[in-house]
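Please read the structure below before turning to the comments.
Residue numbers (our numbering), protein chains in the order written: chain C, 3 to 281; chain U, 4 to 274.
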C-alpha cells in the first residue's frame, strides 16, 4: 500500500537528490555534455567565490535575526495570550492571519509599506519628525527590512505552537511560586522558560530551516538586491543555474546548503538535550 | 501595573501591525493610486469597482486562478490519498520494512525541497513536463509526501491496535480496514494535513517560476510577480490582485479556523 507514495518519492525526491550530488562534481551549462571536474566546484566555492561567502553570511545573519526576534516575540505573546479568554483567542486569530498569505502577496504589501516616497512606514516616521529611509533600496538596510517582514509573517504561527506547549505546564507550579512571593519575572525565568525548552527547540529548528529555505519573499521584495545585499542561498542557487547557466556549480552550492541545514539542526538538538538533561 | 501597560502596548502594536496593512490592501482595492498614496487608511471616497474591472479585462485573472485551483486540489488530494495509504502501512507494519520506509521518507524532511531545483528542472525538460500543470502537481506531491507521512503515521500509531486486529480476525483485508476503519477515524488529521498542504501548494512560487513560462499555465503567485513588473508602483492594481489571490485562503481561514491552526502548527511541529 505504500507503493504509490514510495514510487513518486523515489523518482522525484531521492533520485534528484542523488543526481544533485553527481552534478556537483561536473562543469555543466545544462545544455552541452557535463564534464567531470572532481572537487573543483567546492574548492572554488571555498577559496575564490566572494559572492558566495557574502550570501552565506547574509543568510546566517538573516537566520540569526529572525530566529532570535521571532522566537522571543512569540514566547512573550504566548505568555500574554495563554488563557483561553475571548480576547486572547481573538488576538491569536489576528496574529496568525499573515501565515495564510502567500509570500508574494506579503512581499507586494511590504513593498508598499517600505516605499521610500509613498510608503506607509516613512509617512509615519515623518509625522513624528524622523526622516524616512530607503528600506529596500539601500544596501545597509535591505536584509533587515526583509527580516522584519519575515518576523511579521510567521510570529503568529509560532505563538500558537508556544500556546499549545505552555498550556501543558502544570498550573500548580505558578500557584506555589505565587505563594512563595515570586515575581512575574522570577516565575518566567524559573518555570516558564525551562518548561518551555522543548517547544523552544521545535520553534527554533523550524524557523532556522525556514530562513535557510527563504526564496519567495526575497524574490518578490528585492530579488536579492541591491548589489546582492539581501541575496540568500536559494536565490543565489536559482540565479547561478537560471541566469548564469552554471548548473554544476549551482548544484555544489545546494549541497553546501544541505550541509548547513543538517549541521545547524544537529547542533540545536545537541544544545537542547544538554539543557533539558535528556540523553 | 507596569506589566499590564507593557503587555497591552505590545499586543496592541502587533495587532495593529497585522490589521493596518490588511486594511490598506482591502480599502486600496477600491481606490485609485493617488488616494492610496495620500490617504492609505481612509475609507475610499467612492467605492469604485474600476480596479476589479481592469483586472478582469486586461489582467487575465481567471486562467491563473483556475490553474491554482486545479494544481492545489489535485496535489492535495493525491498526496493525502497516497500518504494515508503509506502511513497506514507503516503504522501497522510489524516487520523491518515499515521502519525502513519511514526512515526513507524522513530523509525528505532533512533535505529541503528547494535544493533539488536543478535536477528536477533537468528531469522535467527531458520528460516534457515543463509548462504543464501535471508537472507542477507531481512536484508538489513529491515535495509534500514526507511531511504528510510524518504527520499521518503519528496519528495512525495512536489508534488502537486491537481494533485493527479485531477487524482482521473478522476477515477484513488491509484495503477494507484502511477504507472503512482507518480513513474515517483519521478524518480530523486528514483535514488538518490537507489544509497545511493546500496553503503550501496555493502559495508556492519557486517551482512554478522555474517550470512554467507559458501565460495560460501560470499560477496566481507567478501572475502576481508578472503584475509587479507590469504595474510597477500602481498599487491600486497590485492590491486588487493580492486581494483576489488571497480571498480563497481568507474564506477558508475564517470558516475553518480551528482546522487551519491545527494543520499549520502540526506541520511545523512534526517537520
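Yeah, the Cβ is synthetic: ideal placement off N, Cα and C, and Gly gets one too. Note that the coordinates shown come from a computational prediction; the quantities given were computed from them, not determined experimentally.
Of the listed residues the options, nearest to residue i (C-alpha basis)
{"i": "residue 157 of chain C", "options": "C:27, C:266, C:70", "result": "C:70"}
{"i": "residue 205 of chain C", "options": "U:37, U:161, U:269, U:94", "result": "U:269"}
{"i": "residue 181 of chain U", "options": "U:152, U:243, U:95", "result": "U:95"}
{"i": "residue 263 of chain C", "options": "C:212, C:218, C:249, C:220", "result": "C:212"}
{"i": "residue 81 of chain C", "options": "C:43, C:166, C:113, C:121", "result": "C:166"}
{"i": "residue 202 of chain U", "options": "U:213, U:130, U:223, U:15", "result": "U:223"}
{"i": "residue 260 of chain C", "options": "U:212, U:111, U:237, U:126", "result": "U:111"}
{"i": "residue 163 of chain C", "options": "U:140, U:267, U:23", "result": "U:267"}
{"i": "residue 272 of chain C", "options": "C:248, C:207, C:226", "result": "C:207"}
{"i": "residue 264 of chain U", "options": "C:201, C:160, C:237, C:90", "result": "C:160"}
{"i": "residue 21 of chain C", "options": "C:142, C:252, C:197", "result": "C:252"}
{"i": "residue 76 of chain C", "options": "C:201, C:46, C:186", "result": "C:201"}
{"i": "residue 112 of chain C", "options": "C:93, C:153, C:90, C:132", "result": "C:153"}
{"i": "residue 76 of chain U", "options": "U:234, U:199, U:228", "result": "U:199"}
{"i": "residue 227 of chain U", "options": "U:51, U:114, U:9, U:65", "result": "U:65"}
{"i": "residue 125 of chain U", "options": "C:247, C:63, C:131", "result": "C:247"}
{"i": "residue 248 of chain U", "options": "C:239, C:110, C:175", "result": "C:110"}
Beta-carbon proximity list for residue i, same chain, < 7 Å, skipping 5 on both sides
{"i": "residue 274 of chain C", "result": "199, 203"}
{"i": "residue 147 of chain C", "result": "116, 137, 138"}
{"i": "residue 49 of chain U", "result": "none"}
{"i": "residue 239 of chain U", "result": "31, 34, 35, 36, 39, 54"}
{"i": "residue 56 of chain C", "result": "230"}
{"i": "residue 121 of chain C", "result": "114, 115"}
{"i": "residue 138 of chain U", "result": "127, 132, 214"}
{"i": "residue 249 of chain C", "result": "25, 30, 31, 32, 243"}
{"i": "residue 195 of chain U", "result": "262, 265, 266, 269"}
Unbroken alpha helix (DSSP H) run spanning residue i, endpoints
{"i": "residue 161 of chain U", "result": "136-161"}
{"i": "residue 69 of chain U", "result": "65-95"}
{"i": "residue 59 of chain U", "result": "53-61"}
{"i": "residue 220 of chain U", "result": "Counting along the chain, residue 220 of chain U falls outside any alpha helix (DSSP H), and DSSP gives it neither H nor E."}
{"i": "residue 170 of chain U", "result": "164-172"}
{"i": "residue 276 of chain U", "result": "Residue numbering for chain U in the displayed model covers 4 to 274; residue 276 of chain U lies beyond these limits and cannot be assessed."}
{"i": "residue 49 of chain U", "result": "From DSSP, residue 49 of chain U is part of no alpha helix (DSSP H); its letter is neither H nor E."}
{"i": "residue 13 of chain C", "result": "Element bounds for residue 13 of chain C: n/a, residue is neither H nor E."}
{"i": "residue 160 of chain C", "result": "144-168"}
{"i": "residue 10 of chain U", "result": "5-31"}
{"i": "residue 48 of chain C", "result": "42-49"}
{"i": "residue 35 of chain U", "result": "Taken as a continuous stretch (DSSP letters only), residue 35 of chain U belongs to no alpha helix (DSSP H), as it is neither H nor E."}
{"i": "residue 180 of chain U", "result": "177-180"}
{"i": "residue 213 of chain U", "result": "209-214"}
{"i": "residue 204 of chain U", "result": "190-206"}
{"i": "residue 96 of chain C", "result": "88-98"}
{"i": "residue 56 of chain C", "result": "52-82"}
{"i": "residue 194 of chain C", "result": "Where residue 194 of chain C is concerned, there is no enclosing alpha helix (DSSP H), given that its DSSP letter is neither H nor E."}
Neighbourhood of residue i by C-beta, 6 Å cutoff - its chain only, sequence neighbours within 5 removed
{"i": "residue 242 of chain U", "result": "28, 31, 32"}
{"i": "residue 217 of chain U", "result": "134"}
{"i": "residue 67 of chain C", "result": "149"}
{"i": "residue 144 of chain C", "result": "138, 224, 231, 232"}
{"i": "residue 7 of chain C", "result": "none"}
{"i": "residue 146 of chain U", "result": "116"}
{"i": "residue 156 of chain U", "result": "90, 93, 94"}
{"i": "residue 105 of chain U", "result": "93"}
Close beta carbons around residue i, own chain, < 8 Å, minus the five adjacent residues each side
{"i": "residue 155 of chain C", "result": "100, 101, 103, 105, 108, 219"}
{"i": "residue 41 of chain C", "result": "27"}
{"i": "residue 220 of chain U", "result": "70, 134, 135, 136"}
{"i": "residue 123 of chain C", "result": "115, 116, 134, 137"}
{"i": "residue 14 of chain C", "result": "none"}
{"i": "residue 144 of chain U", "result": "78, 81, 82, 85"}
{"i": "residue 274 of chain U", "result": "Here the model assigns residue 274 of chain U a pLDDT of 43, short of 50, so the residue's position is not dependable, and the following value carries that caveat. Result list for residue 274 of chain U: 112, 150, 153, in chain order."}
{"i": "residue 46 of chain U", "result": "30"}
{"i": "residue 267 of chain C", "result": "207, 210, 211"}
{"i": "residue 88 of chain C", "result": "none"}
{"i": "residue 230 of chain U", "result": "62, 240, 241, 244"}
{"i": "residue 234 of chain U", "result": "240, 241"}
Residue-chain proximity (residue i, chain D), Cβ-Cβ < 8 Å
{"i": "residue 167 of chain U", "result": "Protein chains in the displayed structure are C and U, and chain D is not among them."}
Identified DSSP bridge partners for residue i
{"i": "residue 37 of chain C", "result": "C:29"}
### Task
State whether the segment 255-264 of chain C contacts the segment 252-264 of chain U, with contact taken as three or more CB pairs (one from each stretch) at a distance under 8 Å.
No: the two stretches stay apart, fewer than three of their Cβ pairs being nearer than 8 Å.
### Query
Pairing CB atoms from the segment 54-63 of chain U with CB atoms from the segment 122-138 of chain C, are three or more of them under 8 Å?
Contact annotation: the segment 54-63 of chain U does not touch the segment 122-138 of chain C, with fewer than three C-beta pairs closer than 8 Å.
### Query
If you pair each beta-carbon of the segment 202-219 of chain U with each one of the segment 97-109 of chain C, do three or more pairs fall below 8 Å?
Because the criterion of three Cβ pairs below 8 Å is met, the segment 202-219 of chain U and the segment 97-109 of chain C touch.
#### Entry: Cβ contact (3+ pairs, closer than 8 Å) linking the segment 80-90 of chain U and the segment 147-163 of chain U
Short answer: they touch.
### Query
Can we say the segment 108-123 of chain U touches the segment 16-33 of chain C, given the rule of at least three CB pairs closer than 8 Å?
Yes, the segment 108-123 of chain U is in contact with the segment 16-33 of chain C.
### Query
Just checking, does the segment 172-189 of chain U make contact with the segment 97-106 of chain U on the three C-beta pairs under 8 Å criterion?
No, because fewer than three Cβ pairs between the segment 172-189 of chain U and the segment 97-106 of chain U fall closer than 8 Å, the two stretches do not touch.
### Message
I want to know whether the segment 29-41 of chain C touches the segment 157-173 of chain U - three or more CB-CB distances under 8 Å.
### Response
Here the segment 29-41 of chain C makes no contact with the segment 157-173 of chain U; the two share fewer than three CB pairs at distances below 8 Å.
### Query
Touching or not, the segment 170-187 of chain C and the segment 125-132 of chain C, by the rule of three or more beta carbon pairs under 8 Å?
With contact defined as three or more Cβ pairs closer than 8 Å, the segment 170-187 of chain C and the segment 125-132 of chain C are not in contact.
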